[in-house]
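**Q** The sequence shown: position 168 = 206 (the numbering used here), numbered continuously.
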Amino acid sequence: MSAAQTRPETTRYRSRYLKLKSVLHDRATGYPAIPVLLEQLRAQLDGRRSIGVLHVSLDNLALVESLYGWQVLDGVLCRIGLEIREACGEELPKETLLAINAVAGDSFAVFVIERTDGREVDAGSMRSSGDALRGRLQAALADDEFSGLGPQLNVRVGHALLSRNPFYRFE
39 MSAAQTRPET
49 TRYRSRYLKL
59 KSVLHDRATG
69 YPAIPVLLEQ
79 LRAQLDGRRS
89 IGVLHVSLDN
99 LALVESLYGW
109 QVLDGVLCRI
119 GLEIREACGE
129 ELPKETLLAI
139 NAVAGDSFAV
149 FVIERTDGRE
159 VDAGSMRSSG
169 DALRGRLQAA
179 LADDEFSGLG
189 PQLNVRVGHA
199 LLSRNPFYRF
209 E
């Protein structure tokens with residue numbers, strides 16, 4: 039088979055891969071959508087009682103797009119995504135799994151598998167991790183690039199524990 043014959047096939051596979059990736063990964067942040075991580079989360083829960091989840095969202099984010107446009111909105115989301123990624127190994131354990139709520143989403147899910155010392159997560163450790171992450175993200179939004187946005191963006195970080203309980207559905 040000649041190179042000319044394989045090239046269209048390679049192009050077709052690449053095109054299909056990129057289409058699939060675009061429905062599973064957010065283009066602006068590069069984060070996977072939550073459904074991409076479900077099998078990994080199930081596997082992590084097999085050996086643990088629970089894993090932690092932090093939900094990161096921003097107050098007034100909907101107004102950013104309507105007042106300043108999608109480019110500024112994407113800039114805010116990319117910065118928050120970058121800060122969360124850089125928090126892994128600092129405020130968060132390195133093994134933390136990161137996701138966005140949906141493709142073209144506007145909030146993040148941070149799955150904390152275990153504490154930095156290897157012990158299981160609990161409500162107290164999740165509260166501490168959430169507070170540390172909130173501080174980092176709020177500081178990132180206070181720099182010159184975003185401090186002039188009005189209304190002011192405020193970071194919200196909620197936390198919970200996920201367990202593999204047969205009475206709960208994991209969809």
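The C-beta atom is built at its ideal place from N, Cα and C for all residues, glycine as well.
Bear in mind the structure is a predicted one, so any value in this text is a computation, not a measurement.
Could you please give me the residues that DSSP links to Arg194 through a beta bridge?
**A** Ser95
**Q** Could you check whether Ser167 and Leu32 sit closer than 7 Å to each other, using their CB atoms as the reference points?
**A** Outside the displayed span of the chain (39 to 209) sits residue 32, for which this structure offers no information.
**Q** With DSSP run on the structure shown, which of helix, strand or coil describes Ala178?
**A** Of the three classes helix, strand and coil, the one that applies to Ala178 here is helix, per DSSP.
**Q** Look at the Cβ atom of Leu179, then the Cβ atom of Leu191, and state whether they are nearer than 7 Å.
**A** yes
**Q** Decide if Glu47 is buried, meaning its Cβ has at least 16 other Cβ atoms within 10 Å, or exposed.
**A** exposed
**Q** Ile138 bridges to which residues according to DSSP?
**A** Ala71 and Phe146.
**Q** Return the Cβ separation of Val148 and Leu136 in integer angstroms, given the expectation that the two are a contact with Cβ distance under 8 Å.
**A** The beta carbons of Val148 and Leu136 sit about 6 Å from each other, so the pair counts as a contact at 8 Å.
**Q** Could you check where the alpha helix (DSSP H) with Arg117 kicks off and where it finishes?
**A** That run of the alpha helix (DSSP H) goes Trp108 to Ala125.
**Q** Buried or exposed for Pro70, going by 16 or more other Cβ atoms inside 10 Å?
**A** buried
**Q** May I ask you to report which of helix, strand or coil DSSP gives Leu187?
**A** coil
**Q** What residues are listed by DSSP as bridge partners for Gly90?
**A** In the DSSP output, where bridge partners are listed per residue, Gly90 has Val150 and Leu199.
**Q** Expressed to the nearest angstrom, what Euclidean distance is found between the alpha-carbon atoms of Glu183 and Val114?
**A** C-alpha separation (whole angstroms): 9 Å.
**Q** With a Cβ-Cβ cutoff of 7 Å, do Ser95 and Leu199 count as a contact?
**A** no
**Q** Using beta-carbon positions only, say whether Gly107 and Thr67 come within less than 7 Å of one another.
**A** no
**Q** Suppose the cutoff is 7 Å on Cβ atoms and the five residues either side in sequence are ignored; what does the same chain contact list for Thr154 look like?
**A** Pro131
**Q** Nearest to Gly188 by alpha carbon, out of Pro73, Asp97 and Tyr51?
**A** Asp97
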